[in-house]
Every structure is written in structure tokens, then in C-alpha cells.
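Read through the structure below, which is laid out as C-alpha cells, and then see the notes.
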Amino acid sequence: MPAEGGAILLVEERESALGRGAPSVYAEIAGTASTHDAHHITDAAPDPRQYARAMREAIARAGLRPDDIGVVFADGAGTPERDALEVVALTEVFGSRAVPVTVPKTMTGRLCSGGAALDLAWAALALADQVIPPTVNAGAEVGGLDLVREARTVSGLSAALVIARGSGGFNSAAVLTAV
């Protein structure tokens, strides 16, 4: 469902934030990556290898392994076809490991270009507060994923992967780590 809204993030060097006496530092952007599948101007590619590649690259650039990721903030396009492709990409990256996956935009609607900043804010807050936000009103179980359907309090959550797919074949991933 389309929505209105978004988030604004203040991103700065950690030393700068601490030096100016920032009241809160929620997380660090540890690695990012983007790929493009050049499939179609509006349709997602039927082969999600480039999407999985963006995830793997962001994790590697963060100096981590897939096993280090404690939660995935998924794109959750909300169509059976695109969501199935996302499951395939996640399975390619994480194998049979049931990493917790959440799509908190199910609570707000799809914010289009405003959604990525909000997903990053949710991930930063999840790391800071050790609470994974839920995916609400989701349909049937999703192929082997640990879909977080109620807010989940965790301990030791140290890394989150935020992923997104855009129209025209753009794929992006960012790894946030706890500070």
C-alpha cells in the first residue's frame, strides 16, 4: 500500500559525533553495496543473483560474514512474485540459516523513495534497543524464513542488513553495526 512519510538520518563520522557531544549514537554504517540487473524499467529481474550479490558485497565490505548478521530488514515488495524472488536471494546469501527477517514498512505502507531512510532508522533503533520490529498483516509463511511477526526482544544483536530493490533493476544493501 503506498504511503506518505519518510525519515531523516544524520550521518557523520563517529569521532565527529562524539566530539560534539551527540546525545545518542545509534549505529554505524559498516558496509554498503549496490548492483543493477538491467532487466526492465519496472519489473524485477526473474533471477535475483544481482540482488544477492549486493547483500554479499555489503556484508563483506563491513568485514563480516552472513553468520554475523542478526536481522534482515527486507524490501518486502508485497507481491507474491517479488517477495518470492527476495526469499530466493536471501536463501542464496544465508543458506538454510533462519536469520530473523522483518518488514516494518507493513506498519506504514510503502514509502517509495522515503522508505530506505526509514528502514535504516528502524535498523539503527533495533541495534540500539535490542528489539526487532514486527512484520504485521503478513500472509502465509514464507519459505523457511524466520519472519518476525511480533516485536522481538533479543540480546547480542550487533549487525543488521537493510536491503531494497527499486524499479528498473536497482538493488541495494547496507550493513549497520551496533556501537
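Residue numbering for the sequence shown follows my numbering, beginning at 10 and increasing consecutively. Cβ atoms here follow ideal geometry from the backbone N, Cα and C, with glycine treated the same way. Note that the coordinates shown come from a computational prediction; the quantities given were computed from them, not determined experimentally.
Counting pairs of beta carbons, one from the region 15–34 and one from the region 121–133, are three or more of them closer than 8 Å?
yes
Helix, strand or coil for Ala98 per DSSP?
Counting from 1 along the sequence shown, the entry for residue 98 is found at position 89. It is helical.
What's the gap between the Cα of Pro109 and the Cα of Glu24?
Here residue 109 refers to the residue found at position 100 when the sequence shown is read from its first residue. Here residue 24 refers to the residue found at position 15 when the sequence shown is read from its first residue. Approximately 31 Å, taken between the alpha carbons.
Suppose you measure from the CA of Val80 to the CA of Val188; what does that come to, to the nearest Å?
In the sequence shown, the residue the question calls residue 80 occupies position 71. In the sequence shown, the residue the question calls residue 188 occupies position 179. Cα to Cα, Val80 sits roughly 16 Å from Val188.
Boundaries of the beta strand (DSSP E) in which Glu22 is found, first to last residue:
Residue mapping note: residue 22 aligns to position 13 of the sequence shown, counting from 1. Note, Glu22: premise wrong, no beta strand (DSSP E); not H, not E.
Nearest residue (CA-CA) to Glu13, options Phe103, Trp131, Thr117
As a working note, residue 13 is residue 4 in the sequence shown. Measuring from the Cα of Glu13, the nearest candidate turns out to be Thr117.
Backbone secondary structure at Ala133 - three-state DSSP:
Your numbering for residue 133 matches position 124 in the sequence shown. In this structure, Ala133 counts as helix in the three-state DSSP scheme.
So, using beta-carbon positions, are Asp84 and Ala183 closer together than 8 Å?
What you label residue 84 is simply residue 75 of the sequence shown in a count that begins at 1. What you label residue 183 is simply residue 174 of the sequence shown in a count that begins at 1. Cβ distance not < 8 Å, so Asp84 and Ala183 don't count as in contact.
Going straight from the alpha carbon of Arg62 to that of Pro32, what length do you get?
The residue labelled residue 62 in the question sits at position 53 within the sequence shown. The residue labelled residue 32 in the question sits at position 23 within the sequence shown. Their Cα atoms are separated by approximately 36 Å.
I'd like the span of the beta strand (DSSP E) that includes Ile38, first residue to last.
What you label residue 38 is simply residue 29 of the sequence shown in a count that begins at 1. Segment 36–45, the beta strand (DSSP E) holding Ile38.
The beta strand (DSSP E) enclosing Ile172, as first and last residue numbers
What you label residue 172 is simply residue 163 of the sequence shown in a count that begins at 1. Start and end: 168–174.
Rounded Cβ spacing between Ile78 and Leu170 (contact assumed at less than 8 Å):
To locate residue 78, count along the sequence shown from 1; it is residue 69. To locate residue 170, count along the sequence shown from 1; it is residue 161. Correct: roughly 5 Å between the Cβ atoms.
Taking the alpha helix (DSSP H) that Ala147 belongs to, which residues open and close that run?
Against the sequence shown, residue 147 aligns to sequence position 138. It is not in any alpha helix (DSSP H) - Ala147 carries neither H nor E in the DSSP assignment.
Inter-residue Cα distance where the pair is Ala93 and Arg65:
On the sequence shown, position 84 is the one that residue 93 refers to. On the sequence shown, position 56 is the one that residue 65 refers to. Straight-line Cα distance between these residues: approximately 19 Å.
I'd like the list of long-range same chain contacts for Gly175, defined as Cβ closer than 8 Å, with 5 residues on each side in sequence excluded.
The residue you call residue 175 lines up with position 166 of the sequence shown. So the list reads Ser181, once near-sequence residues are dropped.
According to DSSP, which residues form a beta bridge with Phe179?
Reading the sequence shown from its first residue, position 170 is the one you call residue 179. The partner list for Phe179 (beta bridge, DSSP) reads His45.
Just reading off the beta strand (DSSP E) that Pro109 is part of, what are its end residues?
Walking along the sequence shown from the start, residue 109 turns up at place 100. Where Pro109 is concerned, the enclosing beta strand (DSSP E) stretches over 109–111.
Measure from the alpha carbon of Gly40 to the alpha carbon of each residue in Asp52, Pro57, Arg70, then state which is nearest.
The sequence position of residue 40 within the sequence shown is 31, counting from 1. Checking every option, the nearest Cα to that of Gly40 belongs to Arg70.
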